[in-house]
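Step one of this worksheet: look at the structure below.
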Amino acid sequence: MKQENNKAYKFGMVIDLDKCTGCGSCMVSCMSENNVPFKEDESKKKDSITWMRVYKLTNGKSFPDTEVVYMPRPCQHCGGKGDHGHSPCVSVCPAVATDYGYDTGIVSQIYTRCFGCRYCMGACPYHARYFNWWDPKWPEGMENYLSPNVSPRMRGVVEKCSFCYHRYQAARDQAYAQGNKDEIDEENYQTACTTACPSGAIVFGDLNNPAHAVHEIVKPDPHPDPRNKHVVGKSRNPKVFRLLERLGTNPKVYYLSEREWVRKAGDNYLDGEWDKIKNHHGATLSND
Amino acid sequence: MSEIENKAENGSTEIAGEGTAGEAKDDKGLGLGVIFFIIAFVACFLSGTLLFPKLLYSKKEQPFNFDHALHVGEAGDCETCHSLREDGSFTGIPKLATCLDCHTEEPLGETEDEAVFTEEYVAKEKEVPWLVYSRQPDCVFFSHVAHTQAGGMDCVSCHGHIGESTSSRPYEENRITGYSRDIWGQNIFGIKKNSWDRMKMDDCAKCHKKETGHQGYCFQCHK
Numbered sequence: 028m029k030q031e032n033n034k035a036y037k038f039g040m041v042i043d044l045d046k047c048t049g050c051g052s053c054m055v056s057c058m059s060e061n062n063v064p065f066k067e068d069e070s071k072k073k074d075s076i077t078w079m080r081v082y083k084l085t086n087g088k089s090f091p092d093t094e095v096v097y098m099p100r101p102c103q104h105c106g107g108k109g110d111h112g113h114s115p116c117v118s119v120c121p122a123v124a125t126d127y128g129y130d131t132g133i134v135s136q137i138y139t140r141c142f143g144c145r146y147c148m149g150a151c152p153y154h155a156r157y158f159n160w161w162d163p164k165w166p167e168g169m170e171n172y173l174s175p176n177v178s179p180r181m182r183g184v185v186e187k188c189s190f191c192y193h194r195y196q197a198a199r200d201q202a203y204a205q206g207n208k209d210e211i212d213e214e215n216y217q218t219a220c221t222t223a224c225p226s227g228a229i230v231f232g233d234l235n236n237p238a239h240a241v242h243e244i245v246k247p248d249p250h251p252d253p254r255n256k257h258v259v260g261k262s263r264n265p266k267v268f269r270l271l272e273r274l275g276t277n278p279k280v281y282y283l284s285e286r287e288w289v290r291k292a293g294d295n296y297l298d299g300e301w302d303k304i305k306n307h308h309g310a311t312l313s314n315d
Numbered sequence: 010m011s012e013i014e015n016k017a018e019n020g021s022t023e024i025a026g027e028g029t030a031g032e033a034k035d036d037k038g039l040g041l042g043v044i045f046f047i048i049a050f051v052a053c054f055l056s057g058t059l060l061f062p063k064l065l066y067s068k069k070e071q072p073f074n075f076d077h078a079l080h081v082g083e084a085g086d087c088e089t090c091h092s093l094r095e096d097g098s099f100t101g102i103p104k105l106a107t108c109l110d111c112h113t114e115e116p117l118g119e120t121e122d123e124a125v126f127t128e129e130y131v132a133k134e135k136e137v138p139w140l141v142y143s144r145q146p147d148c149v150f151f152s153h154v155a156h157t158q159a160g161g162m163d164c165v166s167c168h169g170h171i172g173e174s175t176s177s178r179p180y181e182e183n184r185i186t187g188y189s190r191d192i193w194g195q196n197i198f199g200i201k202k203n204s205w206d207r208m209k210m211d212d213c214a215k216c217h218k219k220e221t222g223h224q225g226y227c228f229q230c231h232k
């Protein structure tokens, strides 16, 4: 019965910002897939929980040069400095309620373990974590529509995107049932937002597997960036960037855009900084 | 000499005086104290081990008695009724439709339980509301296929010899958590002799560590 440890996946996502229309299908599908509670007044944005959230960016120019881009933001599933699994949130959790899965690269959140100190929310540079200020209240009869594969949360705990981990669990079960222990099919594990996106802007898969579409687009560099050793897995595609890439959080969510101002919006650059580094596929500047 | 020092000196002499006067009485008091302590300890210990579990768990009877041994004899092994679907998910306790593969509206036996089954459930086309002894809390993900197919384990390793039981024991529900007693185990101290005596997270982690070399990351068993 002794088992060999299976090879590690590194699940990631690339979002084509030029394809995204900002329709919000990803947000809706995410909420219904993951039993995310909603409030009576969802316009109170400080109170609402959105694992996947679409932000609106503009280039700040006036008509007729105005351009708008919509940026969906799930949890970035950071690998942490050097991609060793020390994600900002995982490092600060005093309860081990969140850990880094070295087998999948997915950052977990265990609601029954969390006691709601919210350090992780302070540590997350992407505002991907949300606190349940209230117990969820479902309209009469709607409990019956909740997914049994995702446990509902209670008041006083933090929650966030899990890359639809329950779908990975289901895909793995299917692989076991078919007698295939080592490999799950790309199409068997896709997140809810990926499958819901009508314009096909979101591509999801294993960043370690060259056969997967996400690897094809991102072409992650397995070596640390020579200009900043903390940054690993940077894209070799000059059109692809990550959010706040220079922090060395090493997110597994990549963004793709043909437009330079969009790529520049992925980080905070000082005057003149962007021009020096923009040709080094995106975002890193020697800062240590 | 200051007032405080005076008081302290007086105080100490008073205590010393009392001590010498009451030595004989103290011995008797000590003996009574020991007896009282032992009685109290035994009373607390017994109420903790005998009374507390009774208070903590409420007992519920299954809708009717189910004879596992009889069904295994008639129908075959566990997989006949508790099977895996093609996508790897587990069917769990069978629905009425599976029962009706063999059962009909006419009772198959002459037991009282068979009569209850046919009258209350088969005739009314109602699902039997079984109470699941091994149901884990909401936050737990458990994959049967990973253990039976990929891990090569048998049902007995975790479920014990349930297949040889001839009657359904009462379902005991923890009044505080609402979980089945099988999670904590029958022993209130949490002592286990068999692998199926207890099914807490530590038990999963211990076996995982032994068999796979790693107890797994949180999401391996949580959802």
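Residue numbers (my numbering), protein chains in the order written: chain V, 28 to 315; chain H, 10 to 232. By construction, the Cβ of each residue, glycine as well, lies at the ideal position given by its N, Cα and C atoms.
* To do: Can you grab the Cα-Cα spacing for the pair Gln195/H / Glu69/V, in whole Å?
  => Distance between the alpha carbons of Gln195/H and Glu69/V: 47 Å.
* To do: Measure the C-alpha to C-alpha separation of Glu170/V and Val177/V and round it to an integer number of angstroms.
  => Rounded to the nearest whole angstrom, the C-alpha separation of Glu170/V and Val177/V is 13 Å.
* **Same chain, Cβ closer than 6 Å to Val131/H, five either side skipped, listed in chain order** => Excluding residues within five positions, the ones whose Cβ falls inside 6 Å are Glu114.
* Close Cβ partners of Leu65/H (< 8 Å) along its chain, the five nearest in sequence each way excluded -> Answer for Leu65/H: Asn183, Arg184, Ile185, listed in chain order.
* Asked: Would you say His153/H and Phe99/H are within 8 Å of each other, going by their C-beta atoms?
  -> Against a cut-off of 8 Å, the Cβ pair of Phe99/H and His153/H comes out as a contact.
* To do: Could you tell me if Glu181/H is buried or exposed, where buried requires 16 or more neighbouring beta carbons within 10 angstroms of its beta carbon?
  => Counting of Cβ neighbours within 10 angstroms places Glu181/H among the buried residues, the total reaching 16 or more.
* To do: Could you tell me which of Gly187/H, Leu55/H, His77/H sits nearest to Cys90/H, measuring between CA atoms?
  => For the residues Gly187/H, Leu55/H, His77/H, the minimum Cα distance to Cys90/H belongs to His77/H.
* Does any residue of chain H bring its CB to less than 8 Å from the CB of Thr139/V? -> For Thr139/V, at least one C-beta of chain H is nearer than 8 Å to its own C-beta.
* **Entirely enclosed alpha helix (DSSP H) segments - the segment 225-263 of chain V, minimum 4 residues** => Fully enclosed alpha helix (DSSP H) runs of 4 or longer: 240-245.
* From the DSSP output, read off the bridge partner residues of Ile42/V. => According to DSSP, which records beta bridges pairwise, Ile42/V is partnered with Ile229/V, Tyr282/V.
* Going along the chain, which residues of its own chain have a beta-carbon closer than 6 Å to the beta-carbon of Trp288/V, five neighbours each way excluded? -> The beta carbon of Trp288/V is closer than 6 Å to those of Asn86 in its chain, skipping five residues each way along the sequence.
* Collapsed DSSP secondary structure at Leu297/V in the structure displayed -> Assigned with DSSP and collapsed to three states, Leu297/V falls in coil, not helix or strand.
* Report the neighbours of Gly183/V on chain H: residues whose CB is nearer than 7 Å to its CB, in chain order. => Taking a Cβ-Cβ threshold of 7 Å, none of the residues of chain H is close to Gly183/V; the smallest such distance is about 15 Å.
* Asked: Would Gln30/V count as contacting chain H if we go by Cβ distances under 8 Å?
  -> Because the pLDDT at Gln30/V is just 46, under 50, the model does not fix this residue reliably, and the value given afterwards should be weighed accordingly. Among the residues facing chain H, Gln30/V is included, as its CB has a counterpart in that chain under 8 Å away.
* Does any residue of chain H bring its CB to less than 8 Å from the CB of Gly128/V? -> So yes, Gly128/V belongs to the interface.
* In this structure, does DSSP put Leu270/V in helix, strand or coil? -> If DSSP states are grouped into helix, strand and coil, Leu270/V belongs with coil.
* **Close-in-space but distant-in-sequence residues of the same chain around Ala35/V (CB under 8 Å, 5 per side omitted)** => Non-local C-beta neighbours of Ala35/V in its own chain, meaning closer than 8 Å and more than five positions away in sequence, comprise Tyr129, Asp130, Thr131, Gly132, Asn235, ordered along the chain.
* Asked: Which two residues bound the contiguous beta strand (DSSP E) that contains Leu84/V?
  -> DSSP places Leu84/V inside the beta strand (DSSP E), whose first and last residues are 80-85.
* Asked: Can you tell me the Cα-Cα spacing of Gln196/V and Lys135/H, whole angstroms?
  -> Distance between the alpha carbons of Gln196/V and Lys135/H: 32 Å.
* Counting Cβ pairs, one atom from each stretch, are 3 or more of them under 8 Å apart for the segment 251-259 of chain V and the segment 222-236 of chain V? -> Contact between the segment 251-259 of chain V and the segment 222-236 of chain V is absent, because fewer than three Cβ pairs lie under 8 Å.
* **Below-8 Å beta-carbon distance, Gln224/H vs any chain V residue** => Judged by the 8 Å Cβ criterion, Gln224/H is not in contact with chain V.
* Coarse secondary structure for Phe150/H, derived from DSSP in three states -> The DSSP-derived three-state label of Phe150/H is coil.
* Chain-ordered neighbours of Ser262/V on chain H, where CB pairs are closer than 7 Å -> In chain H, no part has a C-beta under 7 Å from the C-beta of Ser262/V; the shortest such distance is about 26 Å.
* Asked: For Arg100/V, which beta-bridge partners are listed by DSSP?
  -> By DSSP's assignment, Arg100/V forms a beta bridge with Arg80/V.
* How about the segment 46-61 of chain V and the segment 75-82 of chain V: do they share at least three Cβ pairs that are nearer than 8 Å? -> Yes: the two stretches touch, three or more of their Cβ pairs being nearer than 8 Å.
* Candidates Cys87/H, Phe50/H, Leu41/H: which alpha carbon is nearest His170/H's? -> Closest option to His170/H, Cα to Cα, is Cys87/H.
* **Reduced DSSP category for Phe75/H - H, G, I as helix; E, B as strand; rest coil** => Reduced to three states, the DSSP call for Phe75/H is coil.
* **N-terminal and C-terminal residue of the beta strand (DSSP E) that Ser67/H is part of** => Where Ser67/H is concerned, the enclosing beta strand (DSSP E) stretches over 66-69.
* When the Cα atoms are used, what is the spatial distance from Thr93/V to Arg286/V? -> The alpha-carbon atoms of Thr93/V and Arg286/V are separated by roughly 13 Å.
* Straight-line Cα distance separating Met148/V from Gln229/H -> Going by the C-alpha atoms only, they are around 23 Å apart.
* Answer yes or no: do Val137/H and Leu117/H have a C-beta to C-beta separation smaller than 8 Å? => For the pair Val137/H and Leu117/H, the CB atoms are not nearer than the 8 Å cut-off.
* Asked: Going straight from the alpha carbon of Val185/V to that of His217/H, what length do you get?
  -> One C-alpha to the other measures close to 28 Å.
* Asked: For Leu93/H, which residues in chain C fall below 8 Å Cβ to Cβ?
  -> Any reference to chain C falls outside this structure, whose protein chains are V and H.
* Beta-carbon proximity of Val241/V to Met98/V, cut-off 8 Å -> No Cβ-Cβ contact shorter than 8 Å links Val241/V with Met98/V.
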